[in-house]
Amino acid sequence: MSWSHEYLIYDPGAINRSELTGLISDFQRFSIHDGPGIRTLVFMKGCPLYCAWCANPETIIPRPEIMLIPHNCIGCGKCIEACPSKCLAQVDGIVSFIDRDKCLLPECGKCQRVCYANAVNISGRYLTVEEVMDVVLRDREFYDRTGGGVTISGGEPFAQPVFLMELVRTAKILKLHTAIETCGQVNWNIFNSVLEHLDYVLYDLKHMDSRRHLQGTGVDNRIILENAKRLGASGKPVRIRLPLIPDFNDSEENVRATAEFIAEFSNLEALDILPYHRMGEPKWGQLHQEYKLQGVVPHNKERVFELADIARKYGIEVTVGG
Amino acid sequence: MAIKIDVSNLPGPTPRVEAIKERFVKTTPEICVERAQLITESYKETEDLPMHLRRAKAFEKILNGMTVFIQDDELVVGNQCTKPRSAPVYPEFSCKWLEAELDRLEKRTGDVFLISEDKKTVLRELFPYWDKKTSNELATSLMTPDALEAQGAGVFTVGNYYFNGVGHISVDYAKVLTRGLNGIIADAKAEHKKTDLTNPDDLKKMHFLDAVIISNEAVIAFARRFAVEAERLAASEKNEQRKAELLEIARICRKVPGQPAESFWEAVQSFWFIQLVIQIESNGHSISPMRFDQYMYPYLQMDADITTERAQELLDLLYIKFSEINKVRDEGSTKAFGGYPMFQNLIVGGVDSEGEDATNELSFMCLHATANTKLYQPSISIRIHSNTPAALYTKAAEVSRVGLGMPAYYNDRFIIPALLSRGLTREDARDYGIIGCVEPQVAGKTEGWHDAAFFNMAKVLELALNDGVDALTGKQIGPQTGALTSFSAFEDVMKAYKAQMEHFVKLLIISDNACDIAHGQRTPLPFLSSLVDDCMIKGKSLQEGGAHYNFTGPQGVGVGNVGDSLTAIKKLVFEDKAITLGELQKGLATNFEGLEMEGLRQMLLNRAPKYGNDNEYADMIAHEGALIYCREVEKYMNPRGGKFQPGLYPVSANVPLGTVVGATADGRKSGTPLADGVSPVSGVDQSGPTASVRSVARLDHVIASNGTLLNMKFHPNALKDERGIQNLVGVTETFFNGGGTHIQYNVIGRDTLVDAQEHPDNYQGMVVRVAGYSAFFTSLDKAIQDDIIARTEQMF
């Protein structure tokens, strides 16, 4: 987490702000793999999908939540003293949840306030469009020199449609290059009205088979595929992203189906195959949630390149790793 | 008719280059005793002579007596020692440390040198002659007790020039190429004719000019020895092609550097002889070729016979020669100068005297030679200005991607004004190059004393928070500026810091000037002086103030720690009132031992903003902390009539200087490394490279005219394609536009470094950027290796 100093301490008062706010889980400056040039990523919290492989699981739930990093804990016990609802305790001298359901967030956050070691963290800050833009605009010169800009990611940006709309509209007024990373599970009318203010779309296709999609993500792919088709005819540059998950969507059949589907798009820049990695695993533990893919082994390089070659046969540009 | 060179498609290394490089990498550094033997004999013979003549005669004796050899397949010849990568001994500067460490050389943890028992005996027998005769011993006698005490406490170190030659210079190579050393000799003789020996200054000048003539003639004779050796080898050579090469080498070595060069090969050979013998006359490092692409270009243009392949091959071979030069340092210094560095800095690009772009084909070829040879010498640099061609920028970024930490990028837009502010003419400022790590100057006119000291800014702050008492020893070494708990406002802290700074900068000045005077009296360098204006006209060596421009440049180290410590105090003590000065004092005194103090440390670490994260509050305090040092330094003059000018770069001294600093208010534990250069403290720059770059640009780089240094580390993934190159250019340009002067990129993954630490045998040839220079990673001390690994890696 890289909160600039002014947002370091979670402020429960922010939920009652009169201005429009969005729930932001993080920023990542100098992002170079999510759209052209040097970019700043804005992570919005909340997602209609629930994917077991999610590398940013703290962005799924649309509320601020506590993340415990036991590695940082010095065992001072201040957080436990501060917690009014007794949901934390020390286990072997290190902070741990005993009853997460009792946590009073978003109204509380007292434990984080006293944890100087950053063992207790809170994911999620309610920020105004202006506050988000303050961070984004800091790197304007980098964007201008490299064709970069801002990428709204998450979570699912469309899960906060009003804020998203205001954010990209403002960004365009400020003449920033705008991109979005989305799973596509949103009403097309909303999508289309935001699309007007976007220069670039990164769009996930997690499975072409609707039943399997439902099993893996909690929703079927009907809306996602329909929106993808419309997007594919919209003229906006699109990159399709396929997070390659072992034993879920890594069959040749699914890769072929994906490639065949998107080869029709008039505005396709590329298919990015994103090989499964375990970098998100610790975050599941920090959220006190089970990581269901424990022990799943990432593909070997050769297999990923084979699948990329299969996709290329459909006459589309394919990259590995985005 | 000049050759047409396609800079977008330069040739890779030839089999000859590959073979010679492989032979080089397999060579183990050894100690060579020839120079020590010859200079000792000469000094014994010349005790009645004036010092300039003694130096010239010794130089002549060394060049006449040392072993010369030509290696298989070499086209550029000239050796420093009996073997490549061996290091000579320079007892006239200092030798007590070497005597004490003779048995450690093979056993130490970094920069190992082999030495046989026989050679140890040779050295042990000659060292007693040098007792009390070295520049080091004279310098000590010139220093004051409090200056020596401050050095002992690690407030600053002047070790570089205290124990060694000064170096840090770039001579007028163009003059040698166009007029030959015969031209220099003619100038000396003409100057000689002007002397009026009844004038006492001219009497001294005469001896100096005589020394110049003897030295220059000795170099011409030295080159002829290689001609003789080449002819000897040719006589028994069976391979006709090699025989022809040897005869050509012989012809060239009879001609240059005495006469002007008339082809590219002749120019390369002439250049190399000069570069080499300067490093035999003295062991001062950072003998920098600087704008090689400018003064060598005419010889590439005039060469009707040469092919692109041969020209590139000659450059590649020259780069291997650069890497053959070596220097043995004391074990303490190897912590600050790890990895056998010689800092021969070669810079390409930039503007010409009219301010127009000076890029030519050779600029590309020089960058390309680094990619071809993948060695750590020369230190390759590039000057960036508003009209740097995109192709050259891209070429540089491609070389950055190779992962050698080179080239380093320099910003004409801010360095030229910085040099103007130090009194250089516009023409000279535009012609600047880089000495050693990051120090700008103009070649052939400057004695810059750029690495005059490493000054421990973090230690000064420690003393300010501790009433002038050294936290590690309990001794009162600084003025009493008040107990920490007596401060009632942040301004009081700053006042104490300033007062301690004034005191210790004074002691630094005394120490540097003592060394400076000692070099002038005991180790003037007539040959080197003959290649720098205005020594011959003034009749003075460089060491006595003969140069046109004279500077002394001591480096402040620990900008990030000072900034973060002051920020934490201002924010947490005086603004938030989250901690008291008493608690802070206790934390610092106990090195944050115990749970309660660890909590305090975490607060200092995580609840105050940190320099390097694009936070103006923290960045401006770092700016002020550095500025207080810089303003203090630039008040003073050196014995050569020049000004002191501050720099902010550490080489790798941030590691040893950290060992003498107790716990700091930024949450740093006692004894751990300080921040490197103007880079943020390791691990706290969590907002990524764009934020770091914006923070660093907030420092005053113009006042730190002796150079600043920003190390950025990139994962190879970040630069894997064209987009990555464009992004690197974007980062550099934004930093430079914001006021930065230097940036360099280390493009090696953390995993690779950790693996190299565990399996050094698999990574023998791997070069990394240390601070202002590159070195073989495996030759570095483990603490420096750890520091490189720990510097925040920009992962994507």
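These protein sequences, in sequence, are chains A and B. Quick note on numbering: the working numbering labels position 142 of the first sequence as 142, and the sequence is numbered without any gaps. Every position in the second sequence, counted from 1, becomes a number in the working numbering once 1000 is added. Cβ atoms here follow ideal geometry from the backbone N, Cα and C, with glycine treated the same way. Quick caveat, the model's predicted, so the values are computed rather than measured.
Report the rounded CA-to-CA distance for residue i versus residue j, giving the unit in angstroms.
{"i": "V95 (chain A)", "j": "Q294 (chain A)", "result": "23 angstroms"}
{"i": "I1703 (chain B)", "j": "A1697 (chain B)", "result": "13 angstroms"}
{"i": "D247 (chain A)", "j": "N300 (chain A)", "result": "14 angstroms"}
{"i": "G1339 (chain B)", "j": "L1780 (chain B)", "result": "5 angstroms"}
{"i": "Q28 (chain A)", "j": "N56 (chain A)", "result": "13 angstroms"}
{"i": "D1103 (chain B)", "j": "G93 (chain A)", "result": "49 angstroms"}
{"i": "V1681 (chain B)", "j": "G1560 (chain B)", "result": "5 angstroms"}
{"i": "D1201 (chain B)", "j": "R1124 (chain B)", "result": "39 angstroms"}
{"i": "G1772 (chain B)", "j": "F1113 (chain B)", "result": "Reliability of the predicted coordinates at G1772 (chain B) is poor, the pLDDT of 47 falling under 50, and no value is obtained from them."}
{"i": "S1008 (chain B)", "j": "F1343 (chain B)", "result": "28 angstroms"}
{"i": "E1229 (chain B)", "j": "H1168 (chain B)", "result": "32 angstroms"}
{"i": "I273 (chain A)", "j": "N1727 (chain B)", "result": "22 angstroms"}
{"i": "F1487 (chain B)", "j": "A1471 (chain B)", "result": "18 angstroms"}
{"i": "E1245 (chain B)", "j": "E1106 (chain B)", "result": "38 angstroms"}
{"i": "T1708 (chain B)", "j": "H1742 (chain B)", "result": "6 angstroms"}
{"i": "R1310 (chain B)", "j": "I1005 (chain B)", "result": "12 angstroms"}
{"i": "D204 (chain A)", "j": "A1589 (chain B)", "result": "55 angstroms"}
{"i": "C79 (chain A)", "j": "V114 (chain A)", "result": "6 angstroms"}
{"i": "I303 (chain A)", "j": "H277 (chain A)", "result": "Residue identity differs from the one stated: residue 303 (chain A) is Arg in this sequence, not Ile. Answer to the nearest angstrom: the Cα atoms are 14 angstroms apart."}
{"i": "T1752 (chain B)", "j": "V1655 (chain B)", "result": "22 angstroms"}
{"i": "R145 (chain A)", "j": "R100 (chain A)", "result": "46 angstroms"}
{"i": "A1483 (chain B)", "j": "L1674 (chain B)", "result": "24 angstroms"}
{"i": "L1531 (chain B)", "j": "K1506 (chain B)", "result": "33 angstroms"}
Quick check: is any heavy atom of the ligand NAP less than 7 angstroms from the C-beta of residue i?
{"i": "A1211 (chain B)", "result": "Summarising the ligand content, the structure contains no ligands, and the ligand NAP is consequently not present."}
Do residue j and residue i have their beta-carbon atoms positioned less than 8 angstroms apart in this structure?
{"i": "A1663 (chain B)", "j": "S1652 (chain B)", "result": "no"}
{"i": "A257 (chain A)", "j": "Y314 (chain A)", "result": "no"}
{"i": "V1176 (chain B)", "j": "I1274 (chain B)", "result": "yes"}
{"i": "L1276 (chain B)", "j": "G1078 (chain B)", "result": "yes"}
{"i": "I66 (chain A)", "j": "T1690 (chain B)", "result": "no"}
{"i": "D944 (chain B)", "j": "S1286 (chain B)", "result": "No information on residue 944 (chain B) is available, as it lies outside the stretch 1001 to 1796 that chain B covers here."}
{"i": "V1068 (chain B)", "j": "L1317 (chain B)", "result": "no"}
{"i": "V186 (chain A)", "j": "V238 (chain A)", "result": "no"}
{"i": "N1216 (chain B)", "j": "I1185 (chain B)", "result": "yes"}
From the DSSP secondary-structure annotation, give me the bridge partner or partners of residue i.
{"i": "L1105 (chain B)", "result": "Answer is none; L1105 (chain B) lacks a bridge partner."}
{"i": "P275 (chain A)", "result": "A:L244"}
{"i": "K1643 (chain B)", "result": "B:F1551, B:M1637"}
{"i": "H177 (chain A)", "result": "A:G149"}
{"i": "Y1806 (chain B)", "result": "Look at the range of chain B in this structure, 1001 to 1796, and you will see that residue 1806 (chain B) is not part of it."}
{"i": "I1185 (chain B)", "result": "Beta-bridge pairing links I1185 (chain B) to no other residue."}
{"i": "F27 (chain A)", "result": "A:V42"}
{"i": "D204 (chain A)", "result": "A:R241"}
{"i": "M1290 (chain B)", "result": "B:L1346"}
{"i": "Q1441 (chain B)", "result": "B:G1433"}
{"i": "Y1410 (chain B)", "result": "B:R1383, B:H1742"}
Write down the C-beta distance between residue i and residue j rounded to the nearest angstrom, noting that I regard them as a contact closer than 8 angstroms.
{"i": "G1165 (chain B)", "j": "F1226 (chain B)", "result": "Going by Cβ atoms, the distance from G1165 (chain B) to F1226 (chain B) rounds to 24 angstroms, so no, they are not a contact pair."}
{"i": "Q1500 (chain B)", "j": "T1481 (chain B)", "result": "6 angstroms"}
{"i": "T128 (chain A)", "j": "E19 (chain A)", "result": "5 angstroms"}
{"i": "S1565 (chain B)", "j": "N1613 (chain B)", "result": "About 16 angstroms separates the two Cβ atoms, so there is no contact after all."}
{"i": "I1382 (chain B)", "j": "A1396 (chain B)", "result": "5 angstroms"}
{"i": "I1280 (chain B)", "j": "I1062 (chain B)", "result": "6 angstroms"}
{"i": "E1583 (chain B)", "j": "L1604 (chain B)", "result": "Actually they are not in contact, since the Cβ atoms of E1583 (chain B) and L1604 (chain B) sit about 10 angstroms apart, beyond 8 angstroms."}
{"i": "F1455 (chain B)", "j": "V1562 (chain B)", "result": "Actually they do not touch by this definition, with Cβ atoms about 11 angstroms apart."}
{"i": "H1701 (chain B)", "j": "F1504 (chain B)", "result": "The Cβ separation is near 23 angstroms, so there is no contact."}
So residue i contacts chain C; which residues on that side make the cut at Cβ distance below 9 angstroms?
{"i": "G37 (chain A)", "result": "Structure shown: chain C not included; protein chains present are A and B."}
*So, do the stretch 1052–1071 of chain B and the stretch 1037–1044 of chain B have three or more beta carbon pairs nearer to each other than 8 angstroms?*
yes
*Say whether the stretch 97–113 of chain A touches the stretch 1627–1636 of chain B, bearing in mind that this needs 3 or more beta-carbon pairs closer than 8 angstroms, one atom from each stretch.*
no
*asked:* Using a Cβ distance threshold of 8 angstroms, determine whether the stretch 1434–1447 of chain B contacts the stretch 1543–1556 of chain B, with at least three qualifying pairs required.
replied: yes
*Could you say if the stretch 1081–1101 of chain B and the stretch 1023–1033 of chain B meet the contact criterion of at least three C-beta pairs nearer than 8 angstroms?*
yes
*Is the stretch 48–63 of chain A in contact with the stretch 74–91 of chain A, if contact means three or more CB pairs nearer than 8 angstroms?*
no
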